[in-house]
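This report refers to the structure that appears directly beneath it.
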Amino acid sequence: MATGDVYGDLNYELHDMRDWSGVDADIAICDPPFGLNFDGKAGNYNRDESRVVDGYVEWDVDQYDDRIEQLFDCLAANTVDDGQAIVFSGMDNSHRLHQAALDHDTWRLEGKLYWTYNFAPYCKKRPAHNVYELFWLVKGDDWYYTNECSFDHCEEGEANLSVLDVKRNYLKEMPKYPTRLPVKVVGILLEHFTQPGDTVFDPLAGSGSVGIAASSLGRDAVLGDLNENAKDVFESTVDSLADAGDVFSEEQAESTSLSEFSS
Ligand SMILES: C[S@@+](CC[C@H](N)C(=O)[O-])C[C@H]1O[C@@H](n2cnc3c(N)ncnc32)[C@H](O)[C@@H]1O
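Here UniProt numbering is used: the first residue of the sequence shown is 1, the next is one more, and so on.
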């Protein structure tokens, strides 16, 4: 598929996040690189590294503040006036993201959510840190939110949106993309923060989980990444999930035996 082709109502372009303009999304959802020289192939990941695709673009830690500011500018410029953004972060540089949100001219930090998950490397000698922080950014006071969703985490009467406890799933027989988000965690966010027909933007889309969840829930998605292998993983994931039927099913996860992580 050529750059810019539309896959159903999913548009995935290969370019730098700084090159986007005029997207007019209702919400941006994205997970930036960690700034840790991460490529998902380290020995502590219990996976066949030959299936992990190359080309993941990492950010140097000394560039991290600039990159986050550029990302926030990109998200602000490509969302509507009452648009929102939800930006994921692992623990190592989340303080930088938090400060950038406080300093940004357009975005206001409205809240934080936490996603907890299982993690393949089994930490025998130290506690595992299996949580992501999600920074919820708004431009004004007119943002959309509903307290109900169709996923099982949402108890009747009160939405448990402070903590999302969603397993990471490892798709069977598929090329692997580092840090692929489960479509279910994106689906939960989309049902709470968007309406059918809204447009969702992810300029750091990787394997495209944000777009796959959006499309499955009747939202349009605009996706991008610098890594052409990411787009290939996205296309094969779309094909595989289309065959499987329910994209939110955790049944498609392959069981991961845990390996010892001894550092
Ligand atoms: C943490 S991954 C996103 C994973 C994705 N959420 C998924 O579910 O597969 C971050 C992505 O940002 C991409 N990236 C890094 N810098 C970029 C840039 N300046 N413009 C576009 N993409 C970039 C990387 O190649 C990587 O795929």
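All C-beta atoms, glycine included, are put in the ideal place defined by N, C-alpha and C.
Is the stretch 217-227 touching the stretch 12-22, taking contact as three or more C-beta pairs under 8 Å?
yes
Give, in chain order, every unbroken run of the beta strand (DSSP E) that is at least 3 residues long and sits entirely within the stretch 9-43.
10-14 and 25-30
Return the residue from the list N169, R180, P178 and Y132 that minimises the CA-CA distance to V163.
Y132
Check the C-beta distance from residue 312 over to L134 and give it rounded, since I have them as a contact under 8 Å.
Past the edges of the chain, shown from 1 to 263, lies residue 312, and the structure says nothing about it.
Between which two residues does the beta strand (DSSP E) harbouring G90 extend?
Segment: none, G90 is in no beta strand (DSSP E) and carries neither H nor E.
How big is the Cα-Cα spacing for T61 and L241?
The sequence given here has Val at residue 61, not Thr. Taking the straight line joining both Cα atoms gives about 35 Å.
Exposed unless 16 or more other CB atoms sit within 10 angstroms - verdict on T146
exposed
Secondary structure at Q70, three-state DSSP: helix, strand or coil?
helix
Using a threshold of 9 Å, state whether the C-beta atoms of F193 and I27 are closer than that.
yes
Ligand 1 heavy atom lying under 8 Å from the CB of A205:
yes
For residue 267, does the count of other Cβ atoms within 10 angstroms reach 16, so buried, or fall short, so exposed?
This structure leaves residue 267 out entirely; the chain is present only between 1 and 263.
What does V166 pair with, by DSSP beta-bridge criteria?
Note: V166 sits in no beta bridge, so no partner.
I'd like to confirm the pairing. Which residues does DSSP put opposite G224 in its beta bridges?
E13
Does the separation of the CB atoms of P182 and Y117 fall below 9 Å?
yes
Exposed or buried, N78, counting other C-beta atoms within 10 Å across all chains shown (16 or more means buried)?
buried
Residue from E148, M174, D198 and R96 whose Cα sits closest to the Cα of I29
D198
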